[in-house]
Every structure is written in C-alpha cells, then in structure tokens.
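Here is the structure we will look at, set down as structure tokens.
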Amino acid sequence: MDNRFIVFIIVSAVILYLFNYMVIKNVKKDAKNVAQIQKTVEIEPKNTKREEPIQQNYEKLDVNQVKIDVKTAEFENSKYKVKASSQGAKITKLEIKREGFDEENNMIDYTQENNHMAFNMQINGQDLELDTKNWGITKKDSGIEFNLQPVKNLLISKELVLNEKEYTGKYVIKIENNTSREYEIQTPVLNWGPEKNITADRYNQIQAVVFNGVKIERIKAKKKNEKLIYNLEKGWAGMRDQYFCILFYGNEGLFKACEIARSENQALNISLRLHDLKIAPGQQVEYTIQTYIGPQTYQELKSGGHDIYKVVDFGIFRFLAVPIYYLLKFLYQITKNYGVAIILLTIIIRALLWWPTQRSYTSMKKMQTAMNKMQPRLKTIKEIYRDNPQKLNEETMKLYKEYQINPMGGCLPMLLQMPVFFALYSALTSAVELKGAEFVWFWKDLSAKDPVYVLPLLMGLSMFIQQKMSSPPAATPEAATQQKMMLYMMPAMLTFFAFMWPSGLLLYWVVSNMLSIGQQFLINRKA
Numbered sequence: 005m006d007n008r009f010i011v012f013i014i015v016s017a018v019i020l021y022l023f024n025y026m027v028i029k030n031v032k033k034d035a036k037n038v039a040q041i042q043k044t045v046e047i048e049p050k051n052t053k054r055e056e057p058i059q060q061n062y063e064k065l066d067v068n069q070v071k072i073d074v075k076t077a078e079f080e081n082s083k084y085k086v087k088a089s090s091q092g093a094k095i096t097k098l099e100i101k102r103e104g105f106d107e108e109n110n111m112i113d114y115t116q117e118n119n120h121m122a123f124n125m126q127i128n129g130q131d132l133e134l135d136t137k138n139w140g141i142t143k144k145d146s147g148i149e150f151n152l153q154p155v156k157n158l159l160i161s162k163e164l165v166l167n168e169k170e171y172t173g174k175y176v177i178k179i180e181n182n183t184s185r186e187y188e189i190q191t192p193v194l195n196w197g198p199e200k201n202i203t204a205d206r207y208n209q210i211q212a213v214v215f216n217g218v219k220i221e222r223i224k225a226k227k228k229n230e231k232l233i234y235n236l237e238k239g240w241a242g243m244r245d246q247y248f249c250i251l252f253y254g255n256e257g258l259f260k261a262c263e264i265a266r267s268e269n270q271a272l273n274i275s276l277r278l279h280d281l282k283i284a285p286g287q288q289v290e291y292t293i294q295t296y297i298g299p300q301t302y303q304e305l306k307s308g309g310h311d312i313y314k315v316v317d318f319g320i321f322r323f324l325a326v327p328i329y330y331l332l333k334f335l336y337q338i339t340k341n342y343g344v345a346i347i348l349l350t351i352i353i354r355a356l357l358w359w360p361t362q363r364s365y366t367s368m369k370k371m372q373t374a375m376n377k378m379q380p381r382l383k384t385i386k387e388i389y390r391d392n393p394q395k396l397n398e399e400t401m402k403l404y405k406e407y408q409i410n411p412m413g414g415c416l417p418m419l420l421q422m423p424v425f426f427a428l429y430s431a432l433t434s435a436v437e438l439k440g441a442e443f444v445w446f447w448k449d450l451s452a453k454d455p456v457y458v459l460p461l462l463m464g465l466s467m468f469i470q471q472k473m474s475s476p477p478a479a480t481p482e483a484a485t486q487q488k489m490m491l492y493m494m495p496a497m498l499t500f501f502a503f504m505w506p507s508g509l510l511l512y513w514v515v516s517n518m519l520s521i522g523q524q525f526l527i528n529r530k531a
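Numbering of the sequence shown is given in the numbering used here, commencing with residue 5 and proceeding in unit increments.
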C-alpha cells in the first residue's frame, strides 16, 4: 500500500470520526465529562460541590390543616396553556404556543400529575411537606396563585406569572411570619420534573443544564437513582431538549445548589435549593425566581439577560456558528422560506470557500497528472525492490519528491474547511426556526427527517460522483481495489446515517455537493 493511499485512508477516517461526533448528540463531549457523568454522589464531578441530599428524613410536623377537595385551575395566554392542581401546588400540564407549532411540536404536554414547580422547606429542622398538601388555587389575569392555610402561623403563597408577549415569567414564593418568635427557613427547594422518555430519541435527548457563571454543563444522568449535585451560587439551571428549554434564574445569591437525578422509570428531575433565611416576627420574606419556558430562539434568549442564551448548543465552533445563524435569519427575512434561505446560505459559503477548494482540487488534479507520468518508473521500482519493503518505500518517496507530488496537498485545504462545516451543522440543527418550517412539496418540516428519503439518496449519489471525479489514479492494483471499496463504502455509510438527519441539513449538503461537482468539472475541463 503506497503512502498516498495511507494518507487518504487516515484523512477519510478523521473526517468520518469528526462528522459522527457531531451527529450523535448523546456522545459525551470529552473524557473528563464522561467521568463526571458516570460518577455517583460518592465520587462527584470536579466542578461540583458536595452537599447533603436535599430530601432529608426529619420527624414529620403534625399540622392541623383544613381539608379541601383537590381542585384545578387553567390559565391561557398567547404563549402558554397551563393546568395546575391544588394537590402540592403543582403544574400538571404546560403547553408552549407558537405559530407553526402543532401539538406534537410542543416541548411540554403532560397529562398526569408530577412534581413540576413543587416547593418544600423545613422550619427549625422540621419538614413541612408542602409538596403533599392541598393548597388553595386561584386563576389570575397573569397566571395562577396558590395559598396554604397557616402552618405554624406561617402564611405561605406561591404565584406563577407568565408574560403575554414573550416566553418569560416569574415564580414568586412568599412566607409571612405572624408569630412572636423567629423562624429559620431551612433547605427551601423548588423541583422541576420528572421529565420522561429521556432515552427515547438518541438524537434529541432531554438534558439538565447548569451554568455556574463561567461554564455551562450539559448533563444526562445515566444511572438509575444517580444524583449529581452542582454548586449554583451564581448562574442558572434548567432542562433542555434539541429545540426547547425551561430555565430558572434570578439575582446572584438566590440559589445555593442544583441536584440532578434520574429515577427508576428513566425520568430526569432537577431540584433547585434556595438559600436558608431567618424570618423575624411580623416580617415577610420572598423568593423571586425568573423563568424562561419556550423555544431556544437565540435572539430571544440573548435579550433575556443572565447569559441564558448559552443554553443553545452551537458546539465547539460557536464563534462561527453564531454568524451563520444570523446570516440564515437575514436570508429568511428576504425569501420568507427557510429552504430557499438554506440554498442561498450554501451558495454564499461555497463562494467564500471557493479559493481553498480550488487550491485543493487543482492540487489533486496535478497529482493525478504526475502520477500518470510516474507510473512506468514506479512499476520498475516495485519490481526491483519487491522483496525489500523498506527500500521500496524509500525509493517511492524519492520519486514523489522528484515529480513534486504532495499527498497532503489536496487534503489540507479541505481539512481547513471542516470547522466551517461543523459550525454550519450546529447552526442548522440548533435553529428552532427550522422546526415546522416548510420548503416545497414533501418537505413540511426542515428539522425532521426527509419523509420520502429523496435528499439522503441525492446526498449519497452526489458524494459518489464528487469522489469519482476527484479520485487520483491508483499506484498499484491492490491500491485500486481498496480505493474502489472506499469509493462505494463511504457514500453508502453516510447515506445510511443520513436517513435520520434533519432535511434542512441534507438540503445544504446536496446543494453543496452539486456546487462542488460543478467546480471540479471546470477544473477537469481546463486541465
């Protein structure tokens, strides 16, 4: 096997590895994060801080509470439809509204009771079990309010306020002390979860997210009953899938820690521990938690403050993905069609990459011509040194140098383009704007796979043609056989994976391949 073919195999393997690294989202970011996720509470991640578990077993407080029937309340505005239960003062159903989103495209649509926005705390070491009691429940113009009968002469209320014009809101918890003694509020905690079916879709799994003011962590609790505890003195926390998120944030010092757990039924849950407080006689304390519940629209999140825009996963080439995202949005404003915008975006990017691509194709064409001229001498050398592989390799390299053949000459410019491709991939797969976006004919959702599989097949065919046009002549019959295998195998493998990729990404790839074929044709014609 000659060195040129070895280089071709290595470069192909690197490209395939990096590409699949970006496609399969459930692959861990790096070895360090792998260790963090797999460790249990006994061996916690490096950047976490050991805390006592949020739920502790204290002697239960016997509280005489007026029994009331479990009641529900529903609230609806232009952004949300919410249903809440008085039992535990919990959110039992929450739907996100957006033009173009049907019921299947809403992130949250729960039909049974759970722990969403349940709140609990202790006073003077005794658990009040607030998340199990029946609260009073009232629908208001801006949301839903919960009130609890006095517990140890403490008046406790919660109010969920949801904005009409944007996907933000707040959750206000008020505690009033009507006694003559001081109370210490201990381990106040707000729960969100469980989020179900976290492993149903390997390409779109629900993650917990924690931002500590410097670095964002995206966590999938892998083991049943596993708990991970993160320090949260600064920043925010929440949950996300590919296109939607729910985030909790507020003033610095509001939160103390975030616990992430996975239950027996594969459900993911987060618990936000608030700071302990002392409440003097006749005084009232208040926890105000800001919320963002909605699509991960980068521009909307950017205007929300607190760096919540970092929840959008643009990958390691974020510095390139963000400008590409804004360019896509700009082109949509002109065309009013995201499919057409993707085609124009592809043309612009290919124009920007024309020079390095031209260098790559030209270098490969020159190498083909030089290889053809070199073939007779290469054949003679192989005959002379067929029993001495080391000498054969040495003489072959001298021949390459004499004919000015550089196996990496065509590959290096192509590798330099890989960051742009990965950034484009991140921008297209993270853009919630493509969810439900129509193109033409069968393509009614550019974030979903192609329902008729036309784009994956066109991608594989165009990739085969592109490789066929640019493949250099093989130096030996063995190399020719191996090169032929790669010619068919790589397009076939990527086509197989592409059946599950978003049609918006495939649209880019097909158009890009066609432009590459045209560029290669012009080079071959001039040669």
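Note that beta-carbon positions come from the ideal geometry of N, C-alpha and C, so glycine has one too.
Inset, instruction - Confirm, please, whether the CB-CB distance from Asn181 to Glu158 is below 8 Å. - result: In the sequence shown, residue 158 corresponds to position 154, counting from 1. In the sequence shown, residue 181 corresponds to position 177, counting from 1. For the record, residue 158 in the displayed sequence is Leu; it is not Glu. In this structure, Asn181 lies closer than 8 Å to Leu158 by Cβ.
Inset, instruction - Determine, using beta-carbon pairs with one atom in the region 170-189 and one in the region 292-309, whether at least three such pairs fall under 8 Å. - result: yes
Inset, instruction - Kindly list the residues whose CB is nearer than 6 Å to the CB of Ala93, restricted to its own chain and excluding five residues on each side of it in sequence; keep chain order. - result: Numbered from 1 along the sequence shown, position 89 holds the residue referred to as residue 93. Counting only Cβ-Cβ distances below 6 Å, and skipping sequence neighbours, we find Trp139, Phe150 and Lys162.
Legend entry - Per DSSP, the bridge partner or partners of Pro299: Your numbering for residue 299 matches position 295 in the sequence shown. Phe248, per the DSSP bridge assignment.
Inset, instruction - Look up Phe446 in the DSSP assignment and say whether it is helix, strand or coil. - result: Locating residue 446 in the sequence shown gives position 442, where the first residue counts as 1. In the structure shown, Phe446 falls within a coil segment according to DSSP collapsed to helix, strand and coil.
Legend entry - Counterpart residues of Tyr336 in DSSP-defined beta bridges: Sequence index remark: in the sequence shown, residue 336 carries index 332 (1-based). Beta-bridge pairing links Tyr336 to no other residue.
Legend entry - Per-residue DSSP class, three states only, for Gly440: Counting from 1 along the sequence shown, the entry for residue 440 is found at position 436. In this structure, Gly440 counts as coil in the three-state DSSP scheme.
Legend entry - Whole-Å CB distance - Val176 paired with Thr96, under 8 Å assumed: Here residue 176 refers to the residue found at position 172 when the sequence shown is read from its first residue. Here residue 96 refers to the residue found at position 92 when the sequence shown is read from its first residue. About 20 Å; that fails the 8 Å criterion.
Inset, instruction - Could you have a look at Glu163 and say whether DSSP puts it in helix, strand or coil? - result: Residue mapping note: residue 163 aligns to position 159 of the sequence shown, counting from 1. Residue state, collapsed to three classes: strand.
Inset, instruction - Assign Glu304 to one of three DSSP states: helix, strand, or coil. - result: The sequence position of residue 304 within the sequence shown is 300, counting from 1. Note: Glu304 maps to helix in three-state DSSP.
Inset, instruction - Pull up the CB-CB distance for Ser520 and Leu459, whole angstroms please, since I reckon it's below 8 Å. - result: Locating residue 520 in the sequence shown gives position 516, where the first residue counts as 1. Locating residue 459 in the sequence shown gives position 455, where the first residue counts as 1. Between Ser520 and Leu459 a beta carbon distance of about 16 Å is seen, past the 8 Å cut, so the two are scored as non-contacting.
Legend entry - Close Cβ partners of Glu168 (< 6 Å) along its chain, the five nearest in sequence each way excluded: In the sequence shown, residue 168 corresponds to position 164, counting from 1. For Glu168, where only same-chain residues beyond five positions count, the Cβ hits under 6 Å are Asn81 and Ser82.
Legend entry - Pick from Thr142, Gly257, Glu237 and Tyr302 that is closest to Glu430, judged by C-alpha positions: Residue mapping note: residue 430 aligns to position 426 of the sequence shown, counting from 1. Inspection of the sequence shows that residue 430 is occupied by Ser rather than by Glu. It is Tyr302 whose Cα lies nearest to the Cα of Ser430.
Inset, instruction - Please report how far the alpha carbon of Met375 lies from the alpha carbon of Met467, in whole angstroms. - result: As a first step, residue 375 must be located in the sequence shown, where it is residue number 371. As a first step, residue 467 must be located in the sequence shown, where it is residue number 463. Approximately 24 Å, taken between the alpha carbons.
Legend entry - Residue range of the unbroken alpha helix (DSSP H) whose run includes Leu356: On the sequence shown, residue 356 is found 352 positions in, with the first residue counted as 1. Tyr342 to Leu356 is the extent of the alpha helix (DSSP H) around Leu356.
Inset, instruction - Identify which residue in Thr191, Gly522, Tyr492 and Trp447 has its Cα closest to the Cα of Lys260. - result: Here residue 260 corresponds to residue number 256 of the sequence shown, with the count starting at 1. Taking only the C-alpha atoms, the option nearest Lys260 is Thr191.
Legend entry - Environment of Leu356 [buried if 16+ CB atoms lie within 10 Å]: As a working mapping, residue 356 is identified with position 352 in the sequence shown. The residue in question, Leu356, is exposed, as its Cβ has fewer than 16 Cβ neighbours within 10 Å.
Legend entry - Nearest-angstrom Cα separation, counted from Phe525 out to Leu234: By 1-based counting over the sequence shown, the position of residue 234 is 230. By 1-based counting over the sequence shown, the position of residue 525 is 521. Per the sequence shown, residue 234 should be read as Tyr rather than Leu. Answer to the nearest angstrom: the Cα atoms are 56 Å apart.
Inset, instruction - For Asn397, collect the residues of the same chain with a Cβ closer than 6 Å to its Cβ; drop the 5 residues on either side in sequence, then sort them by chain order. - result: The residue you call residue 397 lines up with position 393 of the sequence shown. Taken in chain order, the list of residues that qualify is empty.
Legend entry - Backbone secondary structure at Leu281 - three-state DSSP: Along the sequence shown, read from residue 1 onward, the residue named residue 281 stands at position 277. Leu281 falls in the strand class under three-state DSSP.
Inset, instruction - Please say whether Gly239 and Ile250 have beta carbons closer to each other than 8 Å? - result: The count along the sequence shown starts at 1 and reaches residue 250 at position 246. The count along the sequence shown starts at 1 and reaches residue 239 at position 235. When the beta-carbon positions are compared, Ile250 and Gly239 stay at least 8 Å from each other.
Legend entry - Local Cβ density within 10 Å of Ala496, reported as buried at 16 or more and exposed below that: Working through the sequence shown from its first residue, we reach residue 496 at position 492. By the neighbour-count rule (16 or more Cβ atoms within 10 Å), Ala496 is not buried but exposed.
Legend entry - Thr183 in three-state terms, based on DSSP: Locating residue 183 in the sequence shown gives position 179, where the first residue counts as 1. Correct three-state label for Thr183: coil.
Inset, instruction - Mind checking which residues open and close the alpha helix (DSSP H) that includes Leu428? - result: In the sequence shown, counting from the first residue as 1, residue 428 sits at position 424. Taken as a continuous stretch (DSSP letters only), the alpha helix (DSSP H) holding Leu428 covers Met422 to Ser434.
Inset, instruction - Classify Val38 as buried or exposed, calling it buried when 16 or more other Cβ atoms lie within 10 Å of its own Cβ. - result: Here residue 38 refers to the residue found at position 34 when the sequence shown is read from its first residue. For Val38, the pLDDT reaches just 30, beneath the cut-off of 50, and the residue's location in the model is therefore unreliable, although a value from the coordinates is still provided. Its Cβ having fewer than 16 others within 10 Å, Val38 is exposed.
Inset, instruction - Grab the span of the alpha helix (DSSP H) containing Lys83 for me, first residue to last. - result: Taking the sequence shown and counting its residues from 1, one reaches residue 83 at position 79. Per DSSP, Lys83 belongs to no alpha helix (DSSP H) and is neither H nor E.
Legend entry - Rounded separation between Glu256 and His279 - CA only: Taking the first residue of the sequence shown as position 1, residue 256 is located at position 252. Taking the first residue of the sequence shown as position 1, residue 279 is located at position 275. C-alpha separation (whole angstroms): 11 Å.
Inset, instruction - Using a threshold of 8 Å, state whether the C-beta atoms of Val514 and Ser434 are closer than that. - result: Start at 1 with the first residue of the sequence shown, and residue 514 comes out as number 510. Start at 1 with the first residue of the sequence shown, and residue 434 comes out as number 430. For Val514 and Ser434, no; Cβs fall outside 8 Å.
Inset, instruction - Determine contact between the region 210-223 and the region 389-404, defined as no fewer than three beta-carbon pairs at a distance below 8 Å. - result: Output reads no: the region 389-404 does not touch the region 210-223.
Inset, instruction - Put Gly173 into one of helix, strand or coil per three-state DSSP. - result: Start at 1 with the first residue of the sequence shown, and residue 173 comes out as number 169. Correct three-state label for Gly173: strand.
Inset, instruction - Assign Tyr234 to one of three DSSP states: helix, strand, or coil. - result: On the sequence shown, position 230 is the one that residue 234 refers to. In the structure shown, Tyr234 sits in a strand (DSSP, three-state: E or B).
Legend entry - Alpha carbon of Phe446 to alpha carbon of Ile328, nearest angstrom: Here the question's residue 446 lines up with position 442 in the sequence shown. Here the question's residue 328 lines up with position 324 in the sequence shown. The alpha-carbon atoms of Phe446 and Ile328 are separated by roughly 26 Å.
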